[in-house]
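The structure appears below as structure tokens.
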Amino acid sequence: MIFITYLRTHLPPVIRSLVLQKNFNARNISSMSGEPKQASVVILPRSFAKDFEKFCRANNGALTLLYRSEPSEWKLPTLSAGSDIKNDCLKYKKYEFGSCTDNLMSLEGFSEQLKDMVTFYLGCSISSNGAMKKVGIPVRNKESHCNVGIYKTAVPCATVGSFCCPLVVAMIPIPKDKLEPFLQDIYQTGDVQREPIHIGCPDLLGIEDLHKPDYGEPVMLQPADVPVFWASEVTGLEAVISCKSPLAFTSAPGCPVVIDQKDKRIQVSHSGEVPEVHCISQNPLHYSITSSSSVQKIRELESIIAIDPGNRGIKHLFNKDELLKASLSLSHAHSVLITTGFPTHFSHDPPEENDGPPGAIALAAILQALEKEVAIVVDERAMNLHKKIIEDSVNQGVLKTTIPLLSYQGGDTRSALMFLCKDGDPKSPRFDHLVAIERSGRAADGNYYNARKINIKHLVDPIDDLFLAAQKIPGISSTGVGDGGNELGMGKVKTAVKKHIKNGDVIACDVAADFAVIAGVSNWGGYALACALYLLNMSDIHGRYLQKAVGSAATSSGAPPAWAQALPSVMKEEKMLQILMKHKVRSGVTGEVGMVVDGLPFRGIHAEMIQQLIDVSTM
């Protein structure tokens, strides 16, 4: 303790002097007041240097390049006075053709080889000890006198030349009740390397066992803890292994160089933005982060669509932040399956109503633009109708490209699993989010009812089984959008439906979704989801969290991104209704073919609703 107290009052040159004597424990560095600046080191042959620099810049969230030397440049006074790369590290690792062949205390014996090698100084993942202490979180790895656990992930870094490796992360457990104040303090620095890349289940990063880190020592989670992951500079070590250079050196993990120069880290402006943390899944545990301003606007969207033009009593079905959590979950999704279709007009051909398909197409359009895989599943008898709707949507410019159209007619107990997962393996889902927008929902007695209590089961395929199966598959989330309680997914609010909605005791859907988005008209819920996704992806905080420190950081030019063109608009939704009119799809309430949805003229409340949603999203 006297030794550490002494170090706290001295400058980095004193620490380097102790390093040169190999008489210093690197674990003590992050315990010091002010936490001296540190850098990890990668030394490569000149022929590999250009590509490695590009690799660092392509993955700058994990590998912040502080300095690149010239060959034979061993002393770097601009970075640290009195430095000598041959002895600056407590321990080095030597690599030959991708294999670690030695652990070294010094590089003095390699002076000749170093003449044609280039040294890279990479910013270390900044210790969060200060923020942890500030909000009263114990620093458990320090209490246990061990290095933090470091893990290889299944997240690929952007490849450059022969440098191709996974992201490497460090994990620190944070008590759930301290998570948001801790992260708010972290984000105030404006330093990308302080920002976590994942919060929640390690499986989502491809980490199988937190008890078995690839580097460092495991830190045990307490019952109330949430695992929080940061990109680690040890990613550079994995990059060296991947390039199979004939000779390379790195600083050993946990043995950084102590430098004088202030870190030239990636500083970003949050424009006063405050992060908010929201749990979007319990199995597997998954948290998302976005800005407080985007949360506020999404809540405004949710309030706007909650008006009840049909006086059905939907205010009793409303749960706060369902739109927010659904859109956050969709933002993290890679592959989304959408379903729609409510054959309320059983005596007509087609029996579908025109509430549902426009909202589904609007959501599909923004998901397409965000480069997510999208498919639509509908009743087998309606496949031809929906194929024509999708084709016309592409021709009219509502959709950029066509969408795969699927059907599901059930079968044995494994049919849903086989449909949702590759080879029926729950560990390999084809989709990670299911969305139902104005889709007939199965009631408790196994039938399907329209609002007038008429059984339409003969017109409906058992797509509900997919939502039921998804509840048992970790990694698949689901959203239901409805306006009357008899839609797929509304099982989450069935008690309120039975109590407050006309005929609710009979028609209430019994199948729940993870998120139940309630809207006065279901199409509005689809539009609101599309607008919420726009808002999330306009948030720099959310964008960097999605990026997971790999790939080049997006730069804000002030101009709207290309995918902003996929937002719903009054003109696009008017085109959608014209397409549905062409195919004789009727209004749900009145049964008429025309520019009317749920008995309300489009050039009225519907157009006004769309414009309100767009105004909130883009202002």
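Per our numbering, numbering through the sequence shown is continuous, rising by one, with the last residue being 632. Each residue gets a CB set at the ideal place from its N, CA and C atoms; glycine is no exception.
Runs of the alpha helix (DSSP H) lying entirely within the region 531-577 and spanning at least 4 residues, in chain order: 535-551, 553-560.
Apart from the 5 residues on each side of it in sequence, Ala579 sits with its Cβ closer than 6 Å to the Cβ of Ala378, Ile379, Ala382 in its chain, given in chain order. Under DSSP, His299 takes part in a beta bridge, and its partners are Gly213, Ser294. Shortest Cα-Cα distance from Leu127 to any of Asn116, Ile98, Leu135 involves Ile98. The C-alpha of Thr357 lies about 15 Å from the C-alpha of Ala456. Cβ neighbours of Pro364 within its own chain (closer than 8 Å, five residues either side excluded): Pro356, Thr357, His358, Ile469, Leu472.
Ala171 and Met396 have their C-alpha atoms some 40 Å from each other. With a contact defined as Cβ atoms closer than 8 Å, Leu350 and Ala388 qualify at about 5 Å. Under the three-state reduction of DSSP output, Arg207 falls in the helix class. With respect to Asp611, Gly323 sits close: the two C-beta atoms are nearer than 9 Å.
By the beta-carbon neighbour count (other beta carbons within 10 angstroms, threshold 16), Asn72 is buried. Excluding sequence positions up to five before and after Leu593, its CB lies within less than 6 Å of the CB of Asn367, all in the same chain and listed in chain order. Contact annotation: the region 435-451 touches the region 488-497, with at least three C-beta pairs closer than 8 Å. The beta carbon of Glu66 sits closer than 8 Å to those of Leu78, Arg81, Phe133, all from its chain and outside the five residues before and after it, given in chain order. Note on the region 331-415: whole beta strand (DSSP E) runs with a minimum of 3 residues are 348-354, 386-391, in chain order.
Distances from the CA of Glu109 to each of Leu57, Gly617, Thr303 were compared; the closest alpha carbon is that of Leu57.
Pro297 is positioned such that its CB atom lies closer than 9 Å to that of Gly213.
By the Cβ test, the region 335-352 is in contact with the region 289-308, since at least three Cβ pairs between them sit closer than 8 Å. Rounded to whole angstroms, the gap between the alpha carbons of Phe242 and Pro231 is 13 Å.
In this structure, DSSP gives Met589 a helical state, which the three-state scheme calls helix.
Scanning the region 156-206 for uninterrupted beta strand (DSSP E) segments of 3 residues or longer gives 163-169, 179-188, listed from N- to C-terminal end. Every beta strand (DSSP E) of 3 residues or more that sits fully in the region 438-507 is shown, in chain order, as 446-452, 490-495. Lys107 sits in a strand when the DSSP states are folded into three classes.
C-alpha of Gly604 to C-alpha of Leu542: approximately 27 Å in a straight line.
Leu412 has its alpha-carbon roughly 28 Å from the corresponding atom of Asp478. Under a 10 Å Cβ-count criterion, Gln51 is classified as buried, with 16 or more other Cβ atoms of the shown protein chains found around its own Cβ.
Between Ala577 and Tyr547, the C-beta spacing is below 9 Å.
Tyr164 is positioned such that its CB atom lies closer than 9 Å to that of Leu223. Annotation for Gly249: the continuous alpha helix (DSSP H) segment containing it runs 248-256.
Phe262 has Ile56, Lys107 as its beta-bridge partners, per DSSP.
Beyond the five residues adjoining it in sequence on each side, Ala373 comes within less than 7 Å, by CB distance, of Ile351, Thr353, Ile389, Ile450, Gly539 in the same chain, given in chain order. Classified as exposed, Asn116 has fewer than 16 neighbouring CB atoms from the shown chains inside 10 Å of its CB. In this structure, the beta-carbon distance from Glu587 to Met608 falls below 9 Å. Short of 8 Å from the beta carbon of Ser420, and not among the five residues preceding or following it, lie these beta carbons of its own chain, in chain order: Val390, Val391, Asp392, Glu393, Met396, Asp474. Nearest Cα to Gly267 within the set Ser306, Asp227, Ala237: Asp227. Between Gln625 and Ile317 a beta carbon distance of about 5 Å is seen, short of the 8 Å cut, so the two are scored as contacting.
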